[in-house]
Amino acid sequence: MTEPNPLRQGLVDERLPEPCTVVIFGASGDLTRRKLVPALYTLACERLLPASMAIVGFARKGTSDDAFRAELKEACAKFARHRPLEPHAWDAFSKNLFFQTGDYDDPASYQALKARLAALDQDRGIPGNRVFYLSTPPSTFPVAVKRLGEAGLVDASKGRPFRRVIIEKPFGTDLLTAQALNREVLGVLDESSVYRIDHYLGKETVQNLMVLRFANGLFEPLWNSRYVDHVQITGAEALGIEGRGGYFEQAGILRDMVQNHLFQVLAITAMEPPVSTHADDLRDEKVKVLKALRPIPEGRFDEFVVRGQYRAGTVSGRRQVGYQEEPGVQPGSKRETYVALKLFIDNWRWAGVPFYLRSAKAMPKKVTEVALVFREAPLRLFGDRAQAGQSPNVLAIRIQPDEGVSLRFGAKVPGNTLEIQPVNMEFRYGTSFGQEPPEAYERLLLDCMLGDQALFTRGDEVEASWRWISRVHEAWDAAADDVETYEAGTWGPDEADRLLLRAGHHWRRP
Ligand code: BG6
Numbered sequence: 086m087t088e089p090n091p092l093r094q095g096l097v098d099e100r101l102p103e104p105c106t107v108v109i110f111g112a113s114g115d116l117t118r119r120k121l122v123p124a125l126y127t128l129a130c131e132r133l134l135p136a137s138m139a140i141v142g143f144a145r146k147g148t149s150d151d152a153f154r155a156e157l158k159e160a161c162a163k164f165a166r167h168r169p170l171e172p173h174a175w176d177a178f179s180k181n182l183f184f185q186t187g188d189y190d191d192p193a194s195y196q197a198l199k200a201r202l203a204a205l206d207q208d209r210g211i212p213g214n215r216v217f218y219l220s221t222p223p224s225t226f227p228v229a230v231k232r233l234g235e236a237g238l239v240d241a242s243k244g245r246p247f248r249r250v251i252i253e254k255p256f257g258t259d260l261l262t263a264q265a266l267n268r269e270v271l272g273v274l275d276e277s278s279v280y281r282i283d284h285y286l287g288k289e290t291v292q293n294l295m296v297l298r299f300a301n302g303l304f305e306p307l308w309n310s311r312y313v314d315h316v317q318i319t320g321a322e323a324l325g326i327e328g329r330g331g332y333f334e335q336a337g338i339l340r341d342m343v344q345n346h347l348f349q350v351l352a353i354t355a356m357e358p359p360v361s362t363h364a365d366d367l368r369d370e371k372v373k374v375l376k377a378l379r380p381i382p383e384g385r386f387d388e389f390v391v392r393g394q395y396r397a398g399t400v401s402g403r404r405q406v407g408y409q410e411e412p413g414v415q416p417g418s419k420r421e422t423y424v425a426l427k428l429f430i431d432n433w434r435w436a437g438v439p440f441y442l443r444s445a446k447a448m449p450k451k452v453t454e455v456a457l458v459f460r461e462a463p464l465r466l467f468g469d470r471a472q473a474g475q476s477p478n479v480l481a482i483r484i485q486p487d488e489g490v491s492l493r494f495g496a497k498v499p500g501n502t503l504e505i506q507p508v509n510m511e512f513r514y515g516t517s518f519g520q521e522p523p524e525a526y527e528r529l530l531l532d533c534m535l536g537d538q539a540l541f542t543r544g545d546e547v548e549a550s551w552r553w554i555s556r557v558h559e560a561w562d563a564a565a566d567d568v569e570t571y572e573a574g575t576w577g578p579d580e581a582d583r584l585l586l587r588a589g590h591h592w593r594r595p
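Right, dumping it as structure tokens:
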């Protein structure tokens, strides 16, 4: 029997999940309000939820089922993709919402939760299938998993009924903490029940990167060191740290965006074609890329990494205070809000091709993209003068916003002389499909209910990315030099331009 095709599920197969209960730990948090329940409501509107289900919010701060429903009605009205709320759809959906007060560390709370879930199973004909979504502070992940295990809430023989645990980011803060968390989680659960979230994998355009590469005959033959000169991956945001000074002081942009989101995008961009789209075949290929990342050579750190921090400035007409003035930031903090990396993937396909990654807050605009910059044609057939205005061919995959793909190439300027200028061939989701792409969390929640791990990260993958990232943190901790600064609303410190210039390259200005 052939394996189900994860990239098609939900898009073509329209499989419905089996009846189940989704338990959200951290139900009073922002993610529940802004993303998780609006995503479930949208799935309900699209008739993608099981015929029978329950959604149970679990949190310390007590509330009633009714108050929980009222709060989430407001949240869905504001954040769900299907807006305004359709009264019948909301009424039907809200009957599935329940609230259970409990403490993440208290065994009695888990017994109470267990009794509640059993009662709901009985009322609604749910055969004991459960998804536990840990949307709590990361420090609570080990204890929550441990208590779930002790209470017998996650044991299942042969996967029936299913018991799955979704773990929000961050998964560790360095290699050692990620390894410890993996040990703790895998001491209770089998890897096949662990769903580590990286919401970038749920983005339609990140999935399209795989489709672009592996469902077309055109691109893949060019996708290697023979034709690609270098690759640029950008994850820029216009916003500053938005009052998250306390968190950001611990994290910095390298942990917040690069270790997870950008490295996932990098892995999908660089991986070999998987033997199938089954979760483990896909993840095997991503791990190989992360393992092939060349460690930065001792003593040559500055040639490969630039970190920066924003000063006050103006972003799209809005005044942005400097990072040092943000609440919760330590005076003299060296925490980076900008990072640029030059990476090499030491494998057959990519030997010698630089991959430049950058991610930052307080940039001129929000843009996430992958750009493959191609080598020049072997000969300047039309002469230097005609080709003076030409620039390299670029295939840019725009992950967000204005989701799409563009291909830049040289064209003859109309007229009786020969002059070549760059032009773009564009594909835009909005124009071609006339509809908004679904929210990442819709896809990820649905896939977890369907038991499809393809768009979730595996334990070894997370450790492989931390192994590279933690070396950078160790070098920064040991370094006496200061962080570079850049004015908010600009594309980062000059030093980041020099990182590319050494090889004759330039950052794109998307
Ligand atoms: C989160 C980071 O994981 O991703 C945030 O913690 C960041 O700092 C966000 O703003 C970016 O996500 P998106 O989907 O808006 O690109």
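First residue of the sequence shown: 86, per the numbering used here; consecutive thereafter.
All residues carry an ideal CB built from backbone N, CA and C; glycine is no exception.
A quick note: this is a predicted structure, and the numbers were derived from the prediction, not measured.
In angstroms with no decimal places, state the Cα-to-Cα distance between residue i and residue j.
i	j	result
residue 205	residue 138	9 angstroms
residue 347	residue 320	7 angstroms
residue 560	residue 388	13 angstroms
residue 93	residue 469	Residue confidence for residue 93 is low, a pLDDT of 41 falling below 50, so the modelled location carries little weight; the figure read from the coordinates is stated next. Roughly 48 angstroms separates the two Cα atoms.
residue 251	residue 218	5 angstroms
residue 516	residue 286	23 angstroms
residue 266	residue 224	10 angstroms
residue 109	residue 231	16 angstroms
residue 601	residue 142	For residue 601 there is no data in the structure shown, the boundaries of the chain being 86 and 595.
residue 486	residue 452	6 angstroms
residue 337	residue 394	10 angstroms
residue 278	residue 508	48 angstroms
residue 354	residue 295	8 angstroms
residue 221	residue 464	58 angstroms
residue 483	residue 179	36 angstroms
residue 214	residue 135	11 angstroms
residue 376	residue 555	14 angstroms
residue 289	residue 209	33 angstroms
residue 132	residue 409	48 angstroms
residue 414	residue 334	6 angstroms
residue 185	residue 147	7 angstroms
residue 239	residue 172	35 angstroms
residue 625	residue 297	The first residue shown for the chain is 86 and the last is 595, placing residue 625 beyond what the model contains.
residue 428	residue 310	14 angstroms
residue 594	residue 293	23 angstroms
residue 155	residue 264	40 angstroms
residue 76	residue 587	Lying outside 86 to 595, the shown extent of the chain, residue 76 is not represented and no answer is given.
residue 246	residue 284	26 angstroms
residue 386	residue 454	25 angstroms
residue 167	residue 177	15 angstroms
Please check the pair residue i and residue j, which I expect to be a contact at CB under 8 angstroms, by giving their CB distance rounded to whole angstroms.
i	j	result
residue 211	residue 104	5 angstroms
residue 325	residue 405	5 angstroms
residue 273	residue 234	4 angstroms
residue 350	residue 291	6 angstroms
residue 596	residue 514	This structure gives no information on residue 596, because the portion of the chain shown stretches from 86 to 595.
residue 447	residue 352	Contact flag wrong, Cβ pair sits at about 27 angstroms.
residue 519	residue 276	Wrong, their Cβ atoms sit about 40 angstroms apart, outside the cutoff.
residue 330	residue 411	5 angstroms
residue 175	residue 163	Actually they do not touch by this definition, with Cβ atoms about 13 angstroms apart.
residue 144	residue 193	Not quite, the Cβ-Cβ distance comes to about 16 angstroms (not below 8 angstroms), so this is no contact.
residue 118	residue 547	Between residue 547 and residue 118 the Cβ distance is about 27 angstroms, and since that is not below 8 angstroms, they are no contact.
residue 535	residue 102	5 angstroms
residue 480	residue 430	That belief does not hold up - the Cβ atoms of residue 480 and residue 430 are roughly 18 angstroms apart, past 8 angstroms.
residue 198	residue 187	6 angstroms
residue 444	residue 510	At roughly 28 angstroms, the Cβ-Cβ gap does not stay under 8 angstroms, so residue 444 and residue 510 are not in contact.
residue 107	residue 161	At roughly 15 angstroms, the Cβ-Cβ gap does not stay under 8 angstroms, so residue 107 and residue 161 are not in contact.
Item to complete: Assess, as a yes-or-no matter, whether the stretch 456–476 is touched by the stretch 313–322 under the definition of 3 or more beta carbon pairs within less than 8 angstroms.
Response: yes
Discussion item. Closer than 8 angstroms is the cut-off here; do at least three beta carbon pairs connect the stretch 567–580 with the stretch 411–427?
Written reply: yes
Item to complete: Taking 8 angstroms as the threshold, find out whether the stretch 540–559 comes into contact with the stretch 246–262 through three or more Cβ pairs.
Response: yes
Worksheet item: If we count Cβ pairs, one from each stretch, closer than 8 angstroms, do we get three or more for the stretch 493–511 versus the stretch 363–372?
Response: no
Worksheet item: Quick one: complete alpha helix (DSSP H) runs, 4+ long, within the stretch 531–572?
Response: 544–563
Item to complete: Taking only runs that begin and end inside the stretch 505–529, name each unbroken alpha helix (DSSP H) of 4 or more residues, in chain order.
Response: 514–518
Discussion item. Would you call the stretch 527–537 in contact with the stretch 117–133, where contact means no fewer than 3 C-beta pairs closer than 8 angstroms?
Written reply: yes
Worksheet item: What beta strand (DSSP E) runs, 3 residues minimum, are completely inside the stretch 125–171?
Response: 138–144
Item to complete: State whether the stretch 295–305 contacts the stretch 469–479, with contact taken as three or more CB pairs (one from each stretch) at a distance under 8 angstroms.
Response: no
Worksheet item: At which residue ranges does the stretch 210–244 contain complete beta strand (DSSP E) runs of 3 or more residues, listed in the order of the chain?
Response: 215–219
Practice prompt. Tell me the start and end of each unbroken beta strand (DSSP E) in the stretch 390–446 that is at least 3 residues and wholly inside, in chain order.
Written response: 390–396, 398–400, 403–405, 423–429 and 439–445
Worksheet item: Enumerated in chain order, which unbroken segments of the alpha helix (DSSP H) with a length of 4 residues or greater are wholly contained in the stretch 262–349?
Response: 289–299 and 330–338
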